[in-house]
Every structure is written in structure tokens, then in C-alpha cells.
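Worksheet: the structure to be examined is printed underneath.
There are 2 protein chains.
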Amino acid sequence: MSNRRLYELHASICQTLANPKRLEVIDCLRDGELPVSRLAEITNIGQANLSQHLALMREKGIVIARREGVNVYYRLSNPKITQACDLMRQVLLEYLEAAGELAETSRQ
Amino acid sequence: MSNRRLYELHASICQTLANPKRLEVIDCLRDGELPVSRLAEITNIGQANLSQHLALMREKGIVIARREGVNVYYRLSNPKITQACDLMRQVLLEYLEAAGELAETSRQ
DNA sequence: TTAGAATATTCGATAATTCTAATAAACTGA
DNA sequence: TCAGTTTATTAGAATTATCGAATATTCTAA
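Below, the structure is given as C-alpha cells:
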């Protein structure tokens, strides 16, 4: 597979994570599967919109759906997704901290 | 800081990584800083466009620029960015592998 | 000080994302 | 089979991202 194509696929994974609602859903699924109804409760995302976000993550292979009766349970396809999110969260927090200290310094 | 706001900032980090050209640039900077001219050579991205991508990454705190004479050197702001990218790359590769095996299975 | 090299910014055109509202589909129990 | 519950899909409007072309800025060496 060409490098160009790999970068495109890689970017499409990142793109899938590049939305606050989807990140919240991923966070909800960190410890195991949940039905859509529960995700809707926790996140307060409208039904249609939540379903769209889940469909997108399904297509990109980020989550896996399992139907049980009338409910559909979603789970993360790979624990490394949580790890990657956590790392990026750390990058963010370190950035915020550095920015905070910078503001501290310039205030003196 | 509110959770909502953190998810937004987190998403904006992911958004910054969600582009094949920017991922390629980040890959180039994995082992240290490089001048824009060198990045342009390696990646074959047009001057204006490359500069736009670098500006975006600067704004989001992903890269840091250092001017030395007529050249501007860019570097990653945090080694965890490389780690996060590598993890997501692994997620992708494992997905591709699983998809490949799936195709293998269904062909039998 | 001025020409030339390296980099950045601005401006539109095009494409991609995101959302809500409406509707459809899948399933269960009566 | 029908009503009700849960989830998915579609359509269209609004916002946002991406790119190339043109232009501006920053710096150095002559």
C-alpha cells in the first residue's frame, strides 16, 4: 500500500475522532458496551444525530454494533483507540498547562 | 474547565491531525526540526498550502516554529504527538489486517 | 538600498461536515 | 397482524475545510 494512501486512511481515522460528540461517545464506551438508548441518556445527543455519529464510527471501524432484540449495543473495536485518545488528551492538557504558565509569566 | 469544553479542545487537536498532508509533515518532523524548504521538498506540497498547514498546526500548538535567518525551522511541540499518531496508525493497520482476513475467510 | 530567496497571508471557489426534521426499518408483545 | 419502542436513513440548510493564485512579509548579501 502506498504511503499516500496510508496517510489518507490514517487521516480518516483522525477525522472520525475529530468531533466532540464522538469523543464523548468513545469515552462512554471506554469500559465496555452500551446500548444506544443509554448513550443518548448520558450524552444528551439527539437520537438521529447520535445514530449518524455511530454510523460514521461503524464505517470507519472504530466501533462495533451488536443487536440484541430491539436494542443495539456499541463497543470500541480496539482498546488502542482509548489509549490514543488518552495520549491526545495528555498533549492537550500539557499544552493548556504550558499556556497557563506562559500567561502567569507574562503577567509579572 | 467543563467537560464539554475539553471535548471540544480535544476534537480540535484531532481535527488538526485529520489531514494526510499534515500527518506527512508530522512524520517528517518525528526525528527533529526541519526548515520549510526541506518539508516542501520531501512532501511535494505547494509552498502556500504547506505554509497554511504549518500555520494551522502552529495555532493548535502541535508544532513550534523557530526562525534562523531566512529559514524557518519547525519541530513538534510534544513527543506524545508522535506516540499518539503511532497508536492510531496501529489501530489502522490492525483494522486493515482484520479486514484482509475477513476477505480471506469469505473467499473460502 | 535593493534584488532575490524563503515564508506567510489573503481571497475566492469547491468540497466536506454537521445538524434538524421527517421518515423508514427492525423488533417485541399483545 | 398491529401498536409501540428503538434505531437507522434521507434530505436539505448552514457551517467549516481545503486548495491554488496572487500578493505581502522577512531576511540576507551584494
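From first to last, the protein sequence lines stand for chains A and B. So that you can map any letter, position 23 of the first sequence is 23 in the numbering used here, and since no number is skipped, the others follow by simple counting. So that you can map any letter, position 14 of the second sequence is 122 in the numbering used here, and since no number is skipped, the others follow by simple counting. Glycine included, every Cβ here is placed at the ideal spot set by N, Cα and C.
Spatially closest choice to residue i from the options, by CA coordinates
| i | options | result |
| --- | --- | --- |
| N71/A | T82/A, H53/A, L39/A, C28/A | L39/A |
| S145/B | R112/B, E205/B, E176/B, A211/B | E176/B |
| M88/A | S185/B, L201/B, A206/B, E141/B | S185/B |
| R5/A | L117/B, P128/B, R112/B, H118/B | P128/B |
| L117/B | E101/A, A103/A, C85/A | C85/A |
| I42/A | N111/B, A163/B, A207/B, L204/B | N111/B |
DSSP beta-bridge partners of residue i
| i | result |
| --- | --- |
| R75/A | I64/A |
| P35/A | Y73/A |
C-beta atoms of residue i and residue j nearer than 8 Å
| i | j | result |
| --- | --- | --- |
| Q15/A | A126/B | yes |
| E75/A | L29/A | Reading the sequence as shown, one finds Arg at residue 75/A and not Glu. Taking 8 Å as the Cβ cut-off, R75/A and L29/A qualify as a contacting pair. |
| I121/B | K168/B | yes |
| K80/A | V171/B | no |
| E141/B | Y181/B | yes |
| A48/A | R58/A | no |
Where residue i sits in the DSSP three-state scheme
| i | result |
| --- | --- |
| A126/B | coil |
| G208/B | helix |
| S12/A | helix |
| S159/B | helix |
| M1/A | coil |
| I153/B | coil |
Which residues, taken in chain order from the region 85 to 98 of chain A, show a beta carbon closer than 7 Å to some beta carbon of chain B? Here the close residues are L87, M88, R89, Q90, V91, L92, E94, Y95.
The region 151 to 176 of chain B: positions lying closer than 9 Å to chain A by Cβ: So the list reads K168, G169, I170, given in the order they occur along the chain.
Check each residue of the region 10 to 44 of chain A: if its Cβ is closer than 7 Å to any Cβ of chain B, include it; give the result in chain order. Residues passing the 7 Å Cβ filter: H10, A11, I13, C14, Q15, L17, A18, N19, P20, L23, E24.
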